[in-house]
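Each residue of the sequence shown is one higher than the last, beginning at 1 in UniProt numbering.
Here's the structure, in C-alpha cells; my notes come after.
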Amino acid sequence: MLPAKTGKKPANWALRQANNMLLKTVDSKMKTMKNLNKYIIAISLFISGFSTAQNIEFKRSNFKDNVEDYKVATDAIEQGVTLLEEGSMAIFEVKDPGLAFKKALVQFEIAQKLNPENALNNFRIGVCHLHSSAPYQAIPFLEKAYQLDPACDPFLYYYHGNAMQLEEKFDEALVSYQQFEDNYRKADNFNKFVKMRKRECDNAKKFKANPVRCWIDNLKEINTEHDEIAPTITTDGAEIIFSSNRPNSNKPNEVGEYDHDIYTSSNTEGDWKKASPISGNVNSNLDDIVNNLYYDGTKMLLHKDNEGQIDIYETTLDGAKWTTPEIMHFQISTKRTNDMYASYNHDGYNIYFARGNENLSKGTNIMYSGMQSMLKKDYKTATSINQVNSQFNDGPVYLHIDGKTMYIASQGHESIGGYDIFISTKTQSGWSAPKNMGYPINTPYDDFFFAPTANGKYAYISSNRPNGAGGFDIYKVTFWGAPKKPIVDMEDYLLASIAEPIKDPQIEDVVNVNKVSLTVFKGKTIDALINKAIEANIEITDNKSGKIIERFTTNSATGKFLLSLEAGINYGIAVKAEGYLFHSENFDVPDGSDYNLINKTIELKNIAVGSKIALRNIFFDVGQATLRSESDAELDRLVKLLKDVPALKVEISGHTDNTGPSSINDKLSQERADAVVVYLKGKGISAGRLSAKGYGSSQPIASNKNVQGRQENRRTEFEIIEN
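This is the structure in C-alpha cells:
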C-alpha cells in the first residue's frame, strides 16, 4: 500500500497501490471450466484432512490463567473488526481504504500473539495483508484459517482463492471461487468480483503457457524493505529516478510509514550506485511521485498528493539542480479532478496522464492534452483516449521516445490479476487495443510503471511480487528476443559522423516490443583548450528542406546534451557558443535503420588564429564542384560568424580522399573551395577576407583504407588566418 499521511483524508492510492485486490478485473467473457468436479472433490479432501486441527476461540474460558490477556485480545479484535469493515466497504464502493487495513492489522496482530490458533483471526490478518503492498504475506494466514476451520467466515473460500491465485495455483483458485459462489448466494452483488477472478485465472493460464522470453531481475542495489515505485530511466540508460517511502526527514504517519520522496541512482559499468534524494527543492512533506523524465533529461513530470487533491507538476534541470516544481494547469470542468501519472509525448508539449474524479470513486482513465500557452504552461481541455481505457482503473501511462508506442498499467482489459502492463501502438484512427505484455512481466500481483530503454531491449517495472526486498520493488526486464538467433556485434556507422560508434549486441526484439528505428546522439560540449564544460546552443536542421527542427541549450554545469533523431531524415547539427567557432555534424538516418547510440565530446575552439573547423553540412554532387541547396544552412552560419566578427580573415580549403589520380583530386578540391568563396562573396563578405586552397588528398585526417575514413577525408574546412 502506498499510504496517505497522518492528518489526510483518505487519498485514493488505488491506481498506484496493490491494495485494491477486489477491483482488479477484466472485461473479457468468462471461459468454461472443465473437470471442475474433480477439483471440488480434491479440495474437500484437503479440508477434511485438517479436520483434527484445533481451532481455539477467543473465549474467557480459554484464558483462565490470564484474564487480562483475554481483555486485551478481545478489545483489539473489536477495534480491528471496525477498521476492517471500514476498509472493505471502501473497496466495495470503489473508494480508497486509506490506512484502514494497516491499522486493522496492528490490532489483529495483538490478538494473534495471545492466541495464534484462531481461524477467524488468521483469516482477518490474511485479508489485511491482501490489501497491503506485500499481499503474498497473506498466504500462510489464509491457509492456516482454512486448516483450522474452513467455515469460520463465508468469505474464506473467496480469499483462499485469492491466495491460490497469488501462488499461481490457478485450478485450485478456480475451485475456491466456485465454492464461494455455491455456498454464499447472499453475496449476489459480490459475485461480479468472483467472475472477475475466474477470468483472471483463465487469462493467467493462457499467458503462463506461452511466456515472454525475458529475464526479470531485482535491482538489489536500489530496493529496500520499503516501497520503491515509479521508475523512469534516462534515454541512454545511465540514470534511474524513482519514488520511495523509505525513512526521510519528515514525520511518519500513525502506522510508522513515511511519505514518498524522489531518489536517483546512476549506472557505472552495469552497477547501480546507492540511491540519493534528487537534487534541488523537488521533495516536500507531501507524497512526491515521479511520473516521467523528458527524453533529453532537461525536465520531469511528477505528482503530489495534498490532502487528497492530486495534481501534476513539472520541474526543470538548472545546471546540476532541479527547480522547485510548478503545477501544470489543465482546463477542467467545474468539478474537481485528480490528475496523476503523466508522460511527455516526444515533442514535449503534449501530455498523457491518468485522471479520476474528486474521490476517484469511478476509477481513472488515460487522458491527453496539448499545450496552448508556452508562457503560462496552460493546457487545453483534456480528452479521454477511449481506445485504451477500460471500465476499471487505467494508468500509469508511458509514451515511448518513438512517439508511436504507449505502455499502460491497467486493472482492466485482459488482466491476469492485479495491475498488468499493456502495450498500444499508434494507428491512423488513434491507438490500437491494449495488448497484455505477457508472463512473467505480468503476474497475479501488481505490475506497473513500465519504463523501457530507448533501444527496446530493456525495461524497468515496479512490482510487489514475492521474494523481493519488501513491498514494491523495481525490477529490470531483459528481453531475449526470438529463439536460436545468434548474437552478433555490430557497428553502425552513420554517414559523415565523426563520432566513435558504440558496439552493441544485436538482439532481436520480442514480439511484444516494437523494433525501434531511432538514433540517439548524446555527449557534452567542452572548451578544446582547457577541457572545461561550457554551455552551448544546438540547432538541428533538416538538410533537405532547410527547416530548423529544434533548438536547445546544453547543460550549464556539465555541458551534457542528448537528442533523438528519427529515421528517414538527413540532419545538420550546429553547435555554437559565444566566443567560440561553431561546430557542425551531419547525420543521415535512413528509413528502417536500427537503434543506434552515438556518444561524442564536442570540443569548441576559441576564435583564434590557427583554429580550423570542418564544415560537415556542405554537399556537392559526385565528382562536381556545384554546391547543393542542402549546403545553404551551413554556409549561412559561416556568413553570420564573419559578419559578427568583421576582423576575421579565413582560408577555405577543399580536401579529397586518395581515390583516383592526384591531379584530378587537386583540381576538384580547388574548384570546391572556390565555389564556397563565391557563395560567401555573394552574401556580402569582402573578397579581401577570403582565400581558397585545394589540397587534394595531401592532408588526410583519417585512414583511406576504409569507407569511414575516406568519408571523413572528403571535407571542406575553414581556418582563421587573421583576427
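Even glycine gets a Cβ: it sits at the ideal position worked out from N, Cα and C.
Which residue wins for smallest C-alpha separation from residue i, given the options the options?
i	options	result
Ser545	Tyr475, Asn570, Ala204, Leu581	Asn570
Lys547	Ser631, Phe619, Gln624, Asp527	Ser631
Trp86	Lys426, Lys102, Lys71	The displayed chain sequence assigns Glu, not Trp, to residue 86. When only C-alpha atoms are compared, the closest one is Lys102.
Phe207	Asp305, Ser663, Leu648, Ile441	Ile441
Asn436	Gly418, Gly430, Ser429, Thr453	Gly418
Ser88	Val127, Ser176, Ile289	Val127
Ile461	Ala73, Gly297, Asp217	Asp217
Phe450	Ser429, Asp149, Ala145, Phe242	Phe242
Gly568	Lys643, Asp588, Ile278, Phe552	Asp588
Lys643	Ser653, Ala625, Gly684, Ala673	Gly684
Leu641	Ser662, Val575, Ile416, Val622	Val575
Ser61	Met164, Asn115, Leu99	Asn115
Arg689	Ile664, Ile652, Ile139	Ile652
Met300	Thr324, Ser284, Leu286	Thr324
Glu172	Asn183, Asn191, Phe190, Asp202	Asp202
Gly471	Asp446, Ala482, Val477, Asn455	Asp446
Leu518	Val477, Gly572, Gly456, Ile540	Gly456
Asp69	Gly98, Ala111, Leu83, Leu99	Ala111
Using the rule of at least 16 other Cβ atoms within 10 Å of the residue's Cβ for burial, across every protein chain shown, is residue i buried or exposed?
i	result
residue 780	With the chain covering 1 to 723 only, the question about residue 780 has no answer from this structure.
Ser384	exposed
Gln54	exposed
Pro646	exposed
Gly559	buried
Val650	buried
Ile701	exposed
residue 736	Missing from the structure shown is residue 736; the chain here goes from 1 to 723 and no further.
residue 732	The first residue shown for the chain is 1 and the last is 723, placing residue 732 beyond what the model contains.
Ala496	Here Ala496 scores only 35 on pLDDT, less than 50, and its place in the model is too uncertain to base an answer on.
Ile312	buried
Ser663	exposed
Trp322	buried
Val282	buried
residue 740	The structure shown does not extend to residue 740, since the chain is modelled only from 1 through 723, so no value can be given for it.
Thr67	It is worth fixing the name first, because residue 67 is Val in this sequence and not Thr. With fewer than 16 other Cβ atoms within 10 Å, it is exposed.
Gln411	buried
Ser48	Bear in mind that a pLDDT of 40 at Ser48, under 50, signals an unreliable position, so the number given afterwards is only what the model happens to contain. Its Cβ having fewer than 16 others within 10 Å, Ser48 is exposed.
Ala633	buried
Arg16	Residue placement at Arg16 is poorly supported in this model, since its pLDDT is 31, which falls under 50; the coordinates are not used for a value here.
Asn699	The residue you asked about is not Asn; residue 699 is Gln in the sequence shown. Classification of Gln699: exposed, given that the 10 Å Cβ count is below 16.
Ala557	exposed
Thr315	buried
Spatial neighbours of residue i within its chain, please: CB distance less than 6 Å, with the 5 preceding and 5 following residues excluded, ordered by chain position.
i	result
Lys681	Ala687
Lys59	none
Ile351	Ala342, Ser369
Gln107	Ala76, Gln79, Gly80
Leu424	Note on residue identity: the sequence assigns Ser, not Leu, to residue 424. Cβ within range, chain order: Val388, Met406, Trp431, Ser432, Pro434.
If you drop the 5 nearest sequence neighbours on each side, which residues of the same chain put their C-beta closer than 7 Å to that of residue i?
i	result
Gly468	Asn218, Asn223
Asp657	Ser697, Asn704, Arg710, Asn713, Arg714
Lys532	Ile526
Leu130	Met21, Ala138, Tyr159, Asn162
Thr74	Phe58
Ile534	Thr525, Ile526, Asp527, Gly559, Ala577, Leu604
His226	Ser244, Asn245, Arg246, Gly470, Gly471
Kindly list the residues whose CB is nearer than 8 Å to the CB of residue i, restricted to its own chain and excluding five residues on each side of it in sequence; keep chain order.
i	result
Ala625	Leu668, Glu671, Arg672, Asp674, Ala675
Leu648	Ile607, Leu641, Leu642, Arg689, Ile720, Glu722, Asn723
Ala204	Gln165, Glu168, Phe170, Ile416, Gly417, Tyr439, Pro444
At the 8 Å Cβ level, is residue i part of the contact set with chain D, yes or no?
i	result
Arg465	The displayed structure is made up of one protein chain only, and chain D is not part of it.
Point to revise | Validate contact between the segment 244 to 259 and the segment 192 to 210 using beta carbons, cut 8 Å, 3 pairs | key: The answer is no - the segment 192 to 210 does not touch the segment 244 to 259, with fewer than three Cβ pairs under 8 Å.
Review point. If you scan the segment 129 to 208 from start to end, which runs of the alpha helix (DSSP H) of 4 or more residues do you find wholly inside it?
Key: For the segment 129 to 208, whole alpha helix (DSSP H) runs of length 4 or above, ordered along the chain, are 139 to 148, 156 to 166, 170 to 183.
Point to revise | Contact the segment 522 to 534 vs the segment 597 to 610: 3+ CB pairs below 8 Å | key: yes
Check your understanding: Can you give, in chain order, each stretch of the beta strand (DSSP E) that sits fully within the segment 300 to 370 and has at least 3 residues?
Key -> 309 to 318, 338 to 344, 350 to 356
Point to revise | beta strand (DSSP E) segments (min. 3 residues) lying fully within the segment 555 to 582 | key: Every beta strand (DSSP E) stretch that sits fully inside the segment 555 to 582 and reaches 3 residues is listed by chain position as 560 to 566, 569 to 576.
Check your understanding: Mind pulling the beta strand (DSSP E) runs of 3 or more residues that sit fully within the segment 514 to 548?
Key -> 518 to 527, 537 to 542
Practice item. Indicate whether the contact test is met: 3 or more Cβ pairs, each with one atom in the segment 611 to 631 and one in the segment 573 to 584, closer than 8 Å. Key: yes
Check your understanding: Where in the segment 240 to 268 do unbroken runs of the beta strand (DSSP E), each at least 3 residues long, occur, reported from the N-terminal end onward?
Key -> 261 to 268
Check your understanding: Which runs of the alpha helix (DSSP H) spanning at least 4 residues fall entirely within the segment 574 to 646, listed in chain order?
Key -> 632 to 644
Review point. Pairing CB atoms from the segment 289 to 307 with CB atoms from the segment 267 to 277, are three or more of them under 8 Å?
Key: no
**Study point:** alpha helix (DSSP H) segments (min. 4 residues) lying fully within the segment 443 to 492
**Key:** Counting only runs of 4+ residues, no alpha helix (DSSP H) is found wholly inside the segment 443 to 492.
Exercise for review: Please confirm if the segment 337 to 349 is in contact with the segment 395 to 410, defined as three or more CB-CB distances below 8 Å between the two stretches.
Suggested key: yes
Review point. Can you list the alpha helix (DSSP H) stretches of 4 or more residues lying completely in the segment 47 to 117, in chain order?
Key: 67 to 92, 100 to 114
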